[in-house]
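Shown next, in structure tokens, is the structure this report addresses.
Protein chains: 2
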Amino acid sequence: MRWHAPQKASGSYSCSSNSRNMTTKQELEAMENQISTIQVSSHGETVKSGLSHGGFKTVEKGRNWGWLLSGFISLNILLLGIAIVSGSVFNKIQITSAHLQIFLIFLVILTTIWMIYYKIHTSRVYRAVLYKDTHAGPIWLRGGLVLFGVCSVIMDIFKIIYYVGRMHCDSPVKIAFPVVQALFVIVQTYILWVHAKDCVQIQQIITRCGLMLTLSTNLMVWMTAVTEESLHQTVFPADPSYNASSNGGYKIDVTSQDRAGPSDCKCSHNMCDVFEKAYYYLYPFNIEYSLFASAMAYVMWKNVGRQVDEHHSHSPRFSLWDVLIGPVAGLIVLVAGLATFVVYEVDVSKGDQKKKENALIMHYIMNIVAILLMSITTLIGCIIFRMDKREQVSGKNPTRSLDVGLLVGASLGQFLICYFTIVAVLASGVQGHINGLNLANSILTVIQLCLQNAFLIKGLHREPFKETETSTVFANVMAVRERDPDRRSSSIVPAHTLPIPLTFLRGRLSWKRRILKEICGFLLFCNVILWIMPAFGARPQFDDTVGSDIYVFETWAAIVNIGMPFGIFYRMHSVASLFEVCLTS
Amino acid sequence: MRWHAPQKASGSYSCSSNSRNMTTKQELEAMENQISTIQVSSHGETVKSGLSHGGFKTVEKGRNWGWLLSGFISLNILLLGIAIVSGSVFNKIQITSAHLQIFLIFLVILTTIWMIYYKIHTSRVYRAVLYKDTHAGPIWLRGGLVLFGVCSVIMDIFKIIYYVGRMHCDSPVKIAFPVVQALFVIVQTYILWVHAKDCVQIQQIITRCGLMLTLSTNLMVWMTAVTEESLHQTVFPADPSYNASSNGGYKIDVTSQDRAGPSDCKCSHNMCDVFEKAYYYLYPFNIEYSLFASAMAYVMWKNVGRQVDEHHSHSPRFSLWDVLIGPVAGLIVLVAGLATFVVYEVDVSKGDQKKKENALIMHYIMNIVAILLMSITTLIGCIIFRMDKREQVSGKNPTRSLDVGLLVGASLGQFLICYFTIVAVLASGVQGHINGLNLANSILTVIQLCLQNAFLIKGLHREPFKETETSTVFANVMAVRERDPDRRSSSIVPAHTLPIPLTFLRGRLSWKRRILKEICGFLLFCNVILWIMPAFGARPQFDDTVGSDIYVFETWAAIVNIGMPFGIFYRMHSVASLFEVCLTS
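Quick mapping for you: the protein sequence lines, in order, are chains A and B.
According to our numbering, numbering within the first sequence proceeds without interruption in unit steps and concludes at 585.
According to our numbering, numbering within the second sequence proceeds without interruption in unit steps and concludes at 1170.
This is how it looks when you write it as structure tokens:
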């Protein structure tokens, strides 16, 4: 009898729906309350329910104060950090890089202490972490974290060896910082690997503040690394033969005074140059490590106090044989890109104006071809998304929101460079092949960025493809009923009365899924080459002088040096997102 | 019989809640679907419901594509605009301000056409706007819009007169732009006044794109005005006697070439100087107008496709006699601030180093006293918020989210200047009274900003104080029931069985409400004076040379010129938010 009670209730509802809506709504709100109570008791826990009285939330004590406090801590650390970084760039005498590193050491130590405290506390308290967010810390993110963490530790070791050789003429802080940083990277990688999915319920205020501290520390490390790398890229490009005499306008006023005057300080062992070169090559990995760690800390912070326990971990398996054409075409682009990149780097570094121009033309043509192909395939992907209507995931998911936010945010860097280039080339009157190609390249990049962002946002928001479950049947029932106005107020249609067999639908969609997977595979490799080229030192923005001619050189250098790291991160992040879209489509 | 059907249904639910949770949940999800259908049919319209199948949303066709498209349009306009503005600042020859104005004219005309189309279309189509968002476009925002709109039109008229006098030697675009802008301001103010609350349901993609176009145009106008105003403030401060010779380091390299060379172009009527000075005084109002319009366009954009019809417009009445001490104290601070501001402006402009230092000391002391008092009262306010627990509003409300976002975002400008000052003063070794006062002022401002942000965020998120309604009683019933585990699975408690009379609770909270209102009144006037001083030309950041000594002058000027307009907007916005908190507390 109890089994049938709900059925009966729903029947009586649909009957009364036409008479008194107000009463119905109020009653149903009251029922919603009951659902929340039921859900809580079904977990066997006496946790307070997050949902009560339709729309209003019962606020846990101090929840919002914790949010505010941790937000302000992060804000203040970051702004103070920006001021110190700016000071150390523009004023080398009163604010040296040693001051900045002392600030960083302080932050890093504080964060390490908090992480150790968090580990001890959560392992001691019984049931400290009740819930796990299955979306948080996916394997590619954690894997990337470990990979870049290892590179960062190696970078720190190289740095230590380099600065040990210069100890007699440099501040001891320069050695202390990599030591502390290496320790921090190891502890943090472990903590994030183990705890990335935690939805912390105890000591929420302290945990929130700690996570925001972690986030701020990582962003500060990132900011410092980006600044250092930019100055290095501008003053001494990665290639050793790339010296100041080879190209005009490549040297900016902010000189290498910061690097403790190479002229008057001799290294005590003869490996200094090798280690210096080596650690500068490892910088991009450290930059990515900080961003990965920041993203994971942010998701953990969003998850503090959340009460979810979703167990639909439908890990879709990836088979290489599902797709072929896309990845192969992508690999061809990748190899071609690598070949032209090597030729470009060699030719540009020679200092011969004619060779340099040819190298630039080749680089631009390569880019234009790749981006044109990417745009076309992405457009096809978007059209398929419009055709292949699927449910949108709309549950609260900090990881996904962050993914999309980071994607759009990081693409701004590339957008900025493109638009500045477009305006500069147009203002200069589009003279010569190089300018024309540069303009075409920038316009196409803008289009490609828009399309790829749309494709990824739509792709990440689609329900993953899965075996037909009861809930899907119900959803389809609703869809069928809504199209049929006569049956709107009838009671629920049993699954077996559906007009179309669902298995048939699945079979028909198969070719769309196939094409989507091919597109993702192709775009993935194309994004890899667009990531590798700037990450390993390609700076056509400086080799082509139109930008620095139209704007003041310092402005142009600032735009490129701020925009470029974001562009690199965007391509990297796109690779990860494309992989995810490929799995779920 | 139909009247009692729902009651019966809810009864049968609570009975079965202990036996089979899964079935209950599924059935209730199905019922939720039915509610949505019921709600739709109650409006007598065949609009598709936004809510279906518990948690998942049925996406209206093209809803997300409209979002993406409009977002990309806005992004591209803004980034192209940034590039053109930067070009016109750093390169006067190939990218002149005439180019920028042509771009603006194009945007402004396009937006005006869309707005006229929108007006015609919505007035023609029967029931084009079904829903109104009661939170959107509050009266202070619309009133402010009209006020600033009038000032903007006057500014445009002054500009037209000024440039008519220089027509023989200046581009005709300089006259065309204010003409078009005046027209645009009039049309936009009317449209936003009438349609600010609309939740548009038809032609959603076009409306979204149009609103994003409006937003981008306003932001572009804002950006241009801020840039022009910054250059003007730096090169020629508002006070006429404030010329380049009076103070060192006040002149930056970006000279006034942009203003069509005052040396070689004579005005054809003799009122040019007066009108030029007048229209520069009206710039801040135009800046605020653009921000107000942007905020309203953004809220309308968020509301496209939303289906709300909340009718609890409980406009709380404001009585001047409720509060006395706070506003009076605030007024005293305001008057004292105005007096010191006038003395400061007069003394600084004289160019006498001794007088200038005294003026700076006086200005800093005035600021420190005001900010200290504000910090203390805000802290008391925050403590009262913690004591006086009230429900948090957590329904979807784009206006409130935007309010909070703008508040925190705009405060970043002031934060940035403060932190740069702190680092600069510390790096210079805190020598002399002025530096000490500057440091104290900056640190206190940081504290005050944190406290005020916390106070306003908490205040805006509290449920407004209101008479006890049925819904409140239901909420309290739930609270009571949750605390009483024995009664968890019982059916709904009638309102008259509540343990505490609600009227008693209301009486006890009265003194807290009184203090909160006093605090809001005091903070309101203090924010007004902190808004007036920088808006009318106080720039202690340049009069005190510590910032430009430590950083390069260009960097320091950029920081102050970017941070200051945000700081001014923050104080203005705080005034509006404080007024709202005062009404609802």
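Heads up, the beta-carbon is just placed ideally off N, CA and C, and yes, glycines get one too.
- As far as DSSP is concerned, arginine 571 of chain A takes part in no beta bridge.
- If you draw a straight line from the Cα of tyrosine 874 of chain B to the Cα of glycine 728 of chain B, it comes to about 11 Å.
- Look at arginine 462 of chain A here: in three-state DSSP terms it is strand.
- Taking 8 Å as the cut-off between beta carbons, none of the residues of the segment 778-802 of chain B comes near chain A.
- The secondary-structure analysis by DSSP pairs cysteine 784 of chain B across a beta bridge with B:Tyr716.
- Beyond the five residues adjoining it in sequence on each side, serine 294 of chain A comes within less than 6 Å, by CB distance, of Leu215, Asn218 and Leu219 in the same chain, given in chain order.
- As the crow flies, the alpha-carbon of isoleucine 1019 of chain B is around 48 Å from that of aspartate 544 of chain A.
- The beta carbon of phenylalanine 536 of chain A does not come within 7 Å of any beta carbon belonging to chain B, so the residue lies off that interface.
- In the same chain as threonine 112 of chain A, and ignoring 5 residues on each side of it, the C-beta atoms closer than 6 Å to its own belong to Phe184 and Val187, in chain order.
- Leaving aside the five residues that flank isoleucine 745 of chain B on each side, the residues in its chain whose CB is nearer than 7 Å to its CB run, in chain order, Ile760, Pro763 and Val764.
- Close CB contacts of cysteine 1111 of chain B within its chain, under the 6 Å cut and outside five residues either way in sequence, are with Gly915, Val918, Ala955 and Met959 (chain order).
- Nearest C-alpha to valine 146 of chain A among A:Leu291, A:Ile568 and A:Trp531: A:Leu291.
- When rounded, the separation of the alpha-carbon atoms in phenylalanine 275 of chain A and isoleucine 658 of chain B is 47 Å.
- Only those residues of the segment 445-460 of chain A whose C-beta falls short of 8 Å from the nearest C-beta of chain B are listed: Val446, Cys450, Asn453, Ala454, Ile457 and Lys458.
- Tryptophan 1096 of chain B is classed as exposed because its beta carbon has fewer than 16 other beta carbons within 10 Å across all chains shown.
- In the three-state scheme derived from DSSP, where H, G and I count as helix and E and B as strand, glutamine 452 of chain A is classed as helix.
- Annotated as distal: valine 1008 of chain B and isoleucine 532 of chain A, with beta-carbon spacing of 7 Å or more.
- In this structure, DSSP gives glutamine 977 of chain B an extended state, which the three-state scheme calls strand.
- Listed by position along chain B, the residues whose Cβ is nearer than 9 Å to that of glycine 87 of chain A are Phe1005, Val1008, Ala1009, Ala1012, Ile1135 and Tyr1136.
- Closer than 8 Å at the C-beta level to chain A, one finds these residues of the segment 658-669 of chain B: Leu660, Asn661, Leu664, Leu665, Ile667, Ala668 and Ile669.
- For threonine 1169 of chain B, no CB of chain A lies under 7 Å from its own CB, so it is not counted at the interface with that chain.
- Along the segment 398-421 of chain A, going in chain order, the ones with a CB nearer than 7 Å to a CB of chain B are Phe415, Leu416, Tyr419 and Phe420.
- Going by C-alpha positions, leucine 1109 of chain B is about 8 Å away from serine 1159 of chain B.
- If only complete runs of 4 or more residues are kept, the segment 396-431 of chain A shows the alpha helix (DSSP H) at 398-428, in order along the chain.
- Short of 8 Å from the beta carbon of tyrosine 868 of chain B, and not among the five residues preceding or following it, lie these beta carbons of its own chain, in chain order: Met740, Ala810, Glu813, Glu814 and His817.
- Under the Cβ criterion of 7 Å, leucine 107 of chain A is not counted among the residues facing chain B.
- When C-beta atoms of the segment 512-519 of chain A are compared with those of the segment 380-388 of chain A, three or more pairs fall below 8 Å, so the two segments count as touching.
- Beta-carbon to beta-carbon, leucine 416 of chain A and leucine 664 of chain B are separated by about 6 Å, close enough to satisfy the 8 Å threshold.
- None of the residues of the segment 856-872 of chain B has a beta carbon lying less than 7 Å from any beta carbon of chain A.
- Taking the beta carbon of asparagine 676 of chain B as reference, the chain A residues within 9 Å of it are Ala424, Ala427, Asp549, Ile550, Tyr551 and Val552, listed in sequence order.
- At a cut-off of 7 Å between beta-carbon atoms, glutamine 1126 of chain B makes no contact with chain A.
- Shown here, isoleucine 365 of chain A sits in a helix according to DSSP, grouped into three states.
- 7 Å or more divides the Cβ of leucine 211 of chain A from the Cβ of alanine 1039 of chain B.
- For the segment 721-796 of chain B, the continuous alpha helix (DSSP H) assignments of 4+ residues that do not extend past its boundaries occur at 724-750 and 758-780, in sequence order.
- Between the alpha carbons of threonine 377 of chain A and proline 138 of chain A lies a distance of about 27 Å.
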